[in-house]
Amino acid sequence: MPKETLSSLSGRIFDVAVIGAGINGCSAAQQLAARGYSVLLVDKSDFASASSSRSTRLIHCGLRYLAPGGSMWDLVLSPKKLATALRMTRQAMVARSEFVATSVARTRTIKFGFPLYRDGIHKPWQLDLAFKVLKTLGPVDPPLDYRRLSAAEARQVPMYARLRDQEKLLGVAMFREYQFDWAERVGIDMAMDAQRMGAVVRNYTPVTGLVRAGDGYAVTLADALDKAQAPVTVNAKTILNTAGIWIDKVNGLTGQKVGRRIFGTKGAHIVLRLPEGFQDYGVISLNSEGTEPVYLVPWRQGLHYMGVTETVYEGDIDDIKADDVDIDWLLHEFNHLLPGLNKTRADVLYSWAGVRPLTYDPAFPKGARLRLTHDLSEEGLPGVFAMTAGPVTTHRSGGIELADRIAGRIKPSGTPQTIDCAPRKFPEHPASPALLNHYPQIKLSDLRHAAETEQPANLVDLMFARVGAGWTETQGREAARKAAETVADIMGWDEARIAKEADAYVAYLAHRHRRPSAA
103 MPKETLSSLS GRIFDVAVIG AGINGCSAAQ QLAARGYSVL LVDKSDFASA SSSRSTRLIH
163 CGLRYLAPGG SMWDLVLSPK KLATALRMTR QAMVARSEFV ATSVARTRTI KFGFPLYRDG
223 IHKPWQLDLA FKVLKTLGPV DPPLDYRRLS AAEARQVPMY ARLRDQEKLL GVAMFREYQF
283 DWAERVGIDM AMDAQRMGAV VRNYTPVTGL VRAGDGYAVT LADALDKAQA PVTVNAKTIL
343 NTAGIWIDKV NGLTGQKVGR RIFGTKGAHI VLRLPEGFQD YGVISLNSEG TEPVYLVPWR
403 QGLHYMGVTE TVYEGDIDDI KADDVDIDWL LHEFNHLLPG LNKTRADVLY SWAGVRPLTY
463 DPAFPKGARL RLTHDLSEEG LPGVFAMTAG PVTTHRSGGI ELADRIAGRI KPSGTPQTID
523 CAPRKFPEHP ASPALLNHYP QIKLSDLRHA AETEQPANLV DLMFARVGAG WTETQGREAA
583 RKAAETVADI MGWDEARIAK EADAYVAYLA HRHRRPSAA
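Right under this line is the structure:
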């Protein structure tokens, strides 16, 4: 379905304007459209291209909430922390079940192991108890497949045979985990389904004004791709601010004195190739200081990625990348976890980083992780809601929660429709050549279909969010020009623009997915 022109929106009235098309905003738009609301979904960049695309990509079972950094007794002795952990664990388990049941094509199954040491913070019985809690709080399917390997059994697994301090290893708690493959594609699936149900969906459409107008709001929109296009104003009865790390900036457009809502922490990852036999196995453990979880996660083509940093971020939120400090810390943690492999900067294939839009709370030095929907009525903005700390895992329940808030305020102007949670499939073209020799799943026909129907503005949008070539071993850099040529007639690119897009894509990889400086 073609993208509606900005000028055609001038003066339109919507039940809801969703500002921010990350994975939670896309979910909310889809849920609202299905309930019969007239919906406008806009983002200043591409769909799900910020924090949603930069996470660790795990469909968490919720273990991290029950086994955080520090002792589990920290939870037991704090009723408030325990209640929060149990609530988030329940949300994660339900989300895991629902997503795998309806969108298994967007997931990968992985085997995770939690090493248990004689002198470790977490004891074997504590992991046994944690998984009993997970089973109690969550649905039966899909199963967790939890079993605790003895040290001798763990050594039969090539990856776990290389874990540190083998003489202290009591065993490995193994379980089944799922991974988004890939999260921004999930966001696009939902945005396109919302559009199918009548929502107006536009990327690269920044909101430049947001003021009270009668019983609703006047929302001024610009076109980031066409500076000559005059801004237009639409009216919305209610507003959902799902702008993630930009939430406070959007609130600031209103002219009201709205309190701070966002606290950002940076999460960086590095991609490595590990020895044969390590594929499909991962590790969740505590960092070398025992304060935060770290993850070694299997990925496509036998690769792994190591994450994740947890540092307060005060830099440019429009230019987030892993720096050498982040990468060196991750290499240190990798080599602490699996000594003997001796990974160095030269082994890093690429990196990525994002900033978590956590909830600002002075009581939490690194932000509060509990997902909250803020009603801004008491701050002079009736009918405006903002969601903070909405993890990728629970995006569906997040969308439902936001839709429920709107339903509590206004009735839909249209009729309900049937939501479609199934992943969008590219049309079958068996004769279409593959884009990449080493990853034949991506066809040139996929690029063309995405260019025609999914609002990409450039080659980065196509290669990452639409077809996922950017998440392969080479990130598709060798096929950048071929990809640009494939869609040139659809995108209206001449020879000069083809060259520009290919060069811009390679430059984007070097900047946002940078390899570390030479040691």
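Going left to right, the sequence shown walks through residues 103 to 621 as my numbering numbers them.
Think of the CB as a built atom: it goes at the ideal place given N, C-alpha and C, for glycine as much as any other residue.
### Task
Tell me the start and end of each unbroken beta strand (DSSP E) in the region 368–409 that is at least 3 residues and wholly inside, in chain order.
383–388, 395–400 and 405–409
### Message
With H, G and I counted as helix, E and B as strand and the rest as coil, what does DSSP make of residue 366?
### Response
strand
### Query
Which value, in whole angstroms, describes the spacing of the CA atoms of residue 59 and residue 338?
Because the chain in this structure spans residues 103 to 621, residue 59 falls outside the shown range and cannot be described.
### Query
Along the chain, where does the beta strand (DSSP E) that runs through residue 272 open and close?
271–282
### Query
In three-state terms, what does DSSP make of residue 354?
helix
### Query
Of the residues 305, 424, 191 and 365, which one's Cα is nearest the Cα of residue 560?
305
### Nearest neighbour of residue 590, chosen from 606, 549 and 295 [CA to CA]
Closest option to residue 590, Cα to Cα, is 549.
### Message
Please tell me whether residue 469 and residue 367 are closer than 8 Å, where the distance is taken between their beta carbons.
### Response
yes
### Message
Is residue 582 near the ligand GDP - that is, is its Cβ less than 7 Å away from at least one heavy atom of it?
### Response
Within the structure as shown, the ligand GDP is missing, as the structure has no ligands at all.
### residue 338 - containing beta strand (DSSP E), residue span
334–343
### Message
In the DSSP output, what is residue 459 paired with across the bridge?
### Response
Residue 459 is bridged to 366.
#### Entry: Rounded C-alpha distance that separates residue 288 from residue 360
Residue 288 and residue 360: Cα-Cα distance of roughly 31 Å.
### Query
Straight-line CA distance for residue 376 to residue 192?
34 Å
### Query
Per DSSP, which one or two residues make a beta bridge with residue 161?
Secondary-structure assignment with DSSP links residue 161 through a beta bridge to 280.
### Task
Could you name the residues of the same chain whose beta carbon sits closer than 6 Å to that of residue 497, not counting the 5 residues immediately before and after it, in chain order?
125, 126 and 129
### Query
When we look at the beta-carbon of residue 343 and count the other beta-carbons within 10 Å, is it buried (16 or more) or exposed?
buried
### Query
Which residue comes first and which comes last in the alpha helix (DSSP H) that contains residue 607?
597–614
### Query
Going by DSSP, which residues form a beta bridge with residue 545?
536
### Message
What does the alpha-carbon distance come out to for the pair residue 268 and residue 281?
### Response
If you take the alpha carbons of residue 268 and residue 281, they lie about 28 Å apart.
### Task
Could you tell me how far apart the beta carbons of residue 144 and residue 116 are, in whole angstroms, since I believe they sit closer than 8 Å?
Between residue 116 and residue 144 the Cβ distance is about 11 Å, and since that is not below 8 Å, they are no contact.
### Query
Secondary structure at residue 592, three-state DSSP: helix, strand or coil?
Note: residue 592 maps to helix in three-state DSSP.
### Query
Are there three or more Cβ pairs, one per stretch, closer than 8 Å when the region 562–570 is compared with the region 537–553?
Counting Cβ pairs under 8 Å, three or more are found: they touch.
### Task
Could you spell out where the alpha helix (DSSP H) holding residue 496 opens and where it closes?
Per DSSP, residue 496 belongs to no alpha helix (DSSP H) and is neither H nor E.
### Cβ shell of residue 256 (< 7 Å), same chain only, five flanking positions each side left out
262, 271, 273 and 274
### Query
Are the beta-carbon atoms belonging to residue 166 and residue 395 less than 8 Å from one another?
With contacts defined as CB atoms closer than 8 Å, residue 166 and residue 395 qualify as a contacting pair.
### Query
Under 8 Å between the Cβ atoms of residue 133 and residue 592?
No, Cβ-Cβ distance for residue 133 and residue 592 is not below 8 Å.
#### Entry: Burial state of residue 444, where buried means 16 or more other Cβ atoms lie within 10 Å
exposed
### Where the beta strand (DSSP E) through residue 669 begins and ends
Residue 669 is absent from the model: the chain starts at 103 and stops at 621.
### Task
State the beta-bridge partners of residue 143 as determined by DSSP.
120 and 303
### Query
Does the pairing of the region 318–332 with the region 409–417 give three or more beta-carbon distances under 8 Å?
no
#### Entry: C-beta contact flag for residue 599 and residue 450 at 8 Å
The answer is no: Cβ separation not under 8 Å.
### Task
Kindly list the residues whose CB is nearer than 7 Å to the CB of residue 518, restricted to its own chain and excluding five residues on each side of it in sequence; keep chain order.
The beta carbon of residue 518 sits closer than 7 Å to the beta carbons of 136, 137 and 138 from its chain, once the five residues preceding and following it are set aside; these are given in chain order.
### Where residue 489 falls: helix, strand or coil (DSSP)
strand
#### Entry: Inter-residue spacing [alpha-carbon to alpha-carbon] between residue 463 and residue 476
Distance between the alpha carbons of residue 463 and residue 476 is about 13 Å.
### Query
Skipping 5 residues on each side, what residues in its chain have a beta carbon closer than 7 Å to that of residue 381?
The beta carbon of residue 381 sits closer than 7 Å to those of 400 and 404, all from its chain and outside the five residues before and after it, given in chain order.
### Task
Go to residue 189, then tell me how far its alpha helix (DSSP H) extends in each direction, as first and last residue.
181–205
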